[in-house]
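Below: one structure, written as structure tokens.
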Amino acid sequence: SQQGEEDPQALSIQEGENATMNCSYKTSINNLQWYRQNSGRGLVHLILIRSNEREKHSGRLRVTLDTSKKSSSLLITASRAADTASYFCATDPRMDSSYKLIFGSGTRLLVRP
Amino acid sequence: EAQVTQNPRYLITVTGKKLTVTCSQNMNHEYMSWYRQDPGLGLRQIYYSMNVEVTDKGDVPEGYKVSRKEKRNFPLILESPSPNQTSLYFCASSYSAGQLNEQFFGPGTRLTVL
């Protein structure tokens, strides 16, 4: 079963607007990561937030983590057409002694010029 | 240049014909992993390796084998491919197995099993 579920599945915005994507997960985690994927290509790491952090910034990206609600959000400010991609959250659940990384099904973002 | 490479990038094969997809990283990473990506399902982890000779199952290991004889290489083996293994496959690596960190992904291998 999917640990992380992104919401919405698809998002279409105008260039310059902000884009917000949400991720929910089921079990306790060590950290949560966000990745971007351009069509059919390998994923690129965007940002990692640890379970004891609540907010993190990187350029136009802002990530929040609410461990009590088991959710995270990714905000992209002042979006550009080049931000068009799929975005995935990934968690490493604290389960037994495994080191699995579990990805959600992703949010497809379209930024219209 | 730091990178993860996969070969082949595209492969069309027939049911039952054994195949190997290679993965190599030049970053001296301990952790390596294989994922498959299918429409609507995101990425699902097949196998991972925390270091040489240490491998473990991910969420969808059935029908796959892996080996980690050298730190840089982590091949994915399909002993008897079936059509339901048609998918886009990604190899990834990261520098630490103690706590999972940034994964560096290869460019992907698109496999079609007829």
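Residue numbers (the numbering used here), protein chains in the order written: chain L, 1 to 113; chain Y, 1001 to 1114.
Ideal placement from N, C-alpha and C gives every residue a C-beta, glycine not left out.
Tell me whether Pro1081 (chain Y) is buried or exposed, calling it buried when 16 or more other Cβ atoms sit within 10 Å of its Cβ.
-> Stepping through the second sequence from its first residue, residue 1081 (chain Y) is reached at position 81. Here Pro1081 (chain Y) is buried. Its C-beta has 16 or more other C-beta atoms within 10 Å.
Beta strand (DSSP E) runs wholly inside the stretch 1055–1087 of chain Y, at least 3 long, in chain order | Here the runs fully enclosed are 1076–1078.
Does any residue of chain L bring its CB to less than 8 Å from the CB of Tyr1095 (chain Y)?
-> Translated into the one-based positions of the second sequence, residue 1095 (chain Y) becomes position 95. Tyr1095 (chain Y) has a beta carbon lying at 8 Å or more from every beta carbon in chain L.
Can you tell me which of the three DSSP states Gln82 (chain L) falls into?
-> If you number the first sequence from 1, residue 82 (chain L) lands on position 82. A small fix is needed here, since residue 82 (chain L) is Ala in this sequence, not Gln. In the three-state reduction of the DSSP assignment, Ala82 (chain L) falls in the helix class, which pools H, G and I.
Per DSSP, what kind of secondary structure is Lys26 (chain L) in: helix, strand or coil?
-> As a working mapping, residue 26 (chain L) is identified with position 26 in the first sequence. When secondary structure is reduced to three states using DSSP, Lys26 (chain L) falls in the coil class, being assigned neither helix nor strand.
Identify whether Gln2 (chain L) lies in helix, strand or coil by the three-state DSSP scheme.
-> Residue mapping note: residue 2 (chain L) aligns to position 2 of the first sequence, counting from 1. Any reading at Gln2 (chain L) must be qualified, since the residue scores a pLDDT of 45, below 50, and its modelled position is unreliable; no value is offered.
For Ser1 (chain L), which residues of its own chain have a beta-carbon under 7 Å away from its beta-carbon, when the five flanking residues on both sides are left out?
-> The count along the first sequence starts at 1 and reaches residue 1 (chain L) at position 1. Confidence is the limiting factor: at Ser1 (chain L) the pLDDT is only 40, short of 50, which leaves the residue's position unreliable, though a coordinate-based value still follows. The beta carbon of Ser1 (chain L) sits closer than 7 Å to none of the beta carbons in its chain outside the five residues before and after it.
Check whether Ile29 (chain L) and Pro113 (chain L) have beta carbons under 8 Å apart | Numbered from its first residue, the first sequence carries residue 29 (chain L) at position 29. Numbered from its first residue, the first sequence carries residue 113 (chain L) at position 113. It is not a contact, given that the beta carbons lie outside the stated cut-off.
Between the beta-carbon of Ser72 (chain L) and the beta-carbon of Leu32 (chain L), is there less than 8 Å?
-> To locate residue 72 (chain L), count along the first sequence from 1; it is residue 72. To locate residue 32 (chain L), count along the first sequence from 1; it is residue 32. It is a contact, given that the beta carbons lie within the stated cut-off.
Give the residues of chain L in contact with Ser1033 (chain Y), contact being defined as C-beta atoms less than 8 Å apart.
-> One-based indexing of the second sequence puts residue 1033 (chain Y) at position 33. Residues of chain L with a Cβ closer than 8 Å to the Cβ of Ser1033 (chain Y) are, in chain order, Leu101.
Just the Cα atoms here: how many angstroms apart are Phe1090 (chain Y) and Glu6 (chain L)?
-> Start at 1 with the first residue of the second sequence, and residue 1090 (chain Y) comes out as number 90. Start at 1 with the first residue of the first sequence, and residue 6 (chain L) comes out as number 6. Each residue's Cα considered, the two are about 20 Å apart.
Using three-state DSSP, classify Leu109 (chain L) as helix, strand or coil.
-> Working through the first sequence from its first residue, we reach residue 109 (chain L) at position 109. Of the three classes helix, strand and coil, the one that applies to Leu109 (chain L) here is strand, per DSSP.
Please classify Phe1104 (chain Y): is it buried, with 16 or more other beta-carbons within 10 angstroms of its beta-carbon, or exposed?
-> The residue you call residue 1104 (chain Y) lines up with position 104 of the second sequence. Buried is the call here.
With DSSP run on the structure shown, which of helix, strand or coil describes Pro93 (chain L)?
-> Within the first sequence, the letter at position 93 stands for residue 93 (chain L). For Pro93 (chain L), the secondary structure class from DSSP, reduced to helix, strand or coil, is strand.
Could you pull the start and end residues of the beta strand (DSSP E) that Leu46 (chain L) belongs to?
-> Taking the first residue of the first sequence as position 1, residue 46 (chain L) is located at position 46. Following the DSSP letters along the chain, one finds Leu46 (chain L) inside the beta strand (DSSP E) bounded by residues Val44 to Arg50.
Return the Cβ separation of Pro1075 (chain Y) and Thr1020 (chain Y) in integer angstroms, given the expectation that the two are a contact with Cβ distance under 8 Å.
-> The residue you call residue 1075 (chain Y) lines up with position 75 of the second sequence. The residue you call residue 1020 (chain Y) lines up with position 20 of the second sequence. Between Pro1075 (chain Y) and Thr1020 (chain Y) the beta-carbon gap is near 5 Å, inside 8 Å, which marks them as a contact.
Could you tell me if Ala82 (chain L) is buried or exposed, where buried requires 16 or more neighbouring beta carbons within 10 angstroms of its beta carbon?
-> As a first step, residue 82 (chain L) is located in the first sequence; it is residue number 82 there, counting from the start. Label assigned to Ala82 (chain L): exposed.
List, in order along the chain, the chain L residues whose C-beta lies closer than 8 Å to that of Glu1053 (chain Y)?
-> Taking the second sequence and counting its residues from 1, one reaches residue 1053 (chain Y) at position 53. Near Glu1053 (chain Y) there are no residues of chain L at all, since even the closest Cβ is about 15 Å away, more than 8 Å.
Rounded C-alpha distance that separates Val1054 (chain Y) from Gly1042 (chain Y) | The count along the second sequence starts at 1 and reaches residue 1054 (chain Y) at position 54. The count along the second sequence starts at 1 and reaches residue 1042 (chain Y) at position 42. For Val1054 (chain Y) and Gly1042 (chain Y), the distance between alpha carbons rounds to 26 Å.
Could you tell me the distance, in whole angstroms, from the CA atom of Arg50 (chain L) to the CA atom of Arg62 (chain L)?
-> Here residue 50 (chain L) refers to the residue found at position 50 of the first sequence. Here residue 62 (chain L) refers to the residue found at position 62 of the first sequence. Roughly 14 Å separates the two Cα atoms.
Same chain, Cβ closer than 6 Å to Thr1112 (chain Y), five either side skipped, listed in chain order | On the second sequence, position 112 is the one that residue 1112 (chain Y) refers to. Closer than 6 Å at Cβ, skipping near neighbours: Ile1012 and Thr1086.
Around the Cβ of Val1066 (chain Y), are there at least 16 other Cβ atoms within 10 angstroms (buried) or fewer (exposed)?
-> The count along the second sequence starts at 1 and reaches residue 1066 (chain Y) at position 66. Val1066 (chain Y) comes out buried.
Determine the direct distance from the alpha carbon of Gln1006 (chain Y) to that of Tyr1024 (chain Y), and round the result to whole angstroms.
-> Numbered from its first residue, the second sequence carries residue 1024 (chain Y) at position 24. Numbered from its first residue, the second sequence carries residue 1006 (chain Y) at position 6. The amino acid at residue 1024 (chain Y) is misidentified as Tyr; the sequence shows Ser. Ser1024 (chain Y) and Gln1006 (chain Y): Cα-Cα distance of roughly 7 Å.
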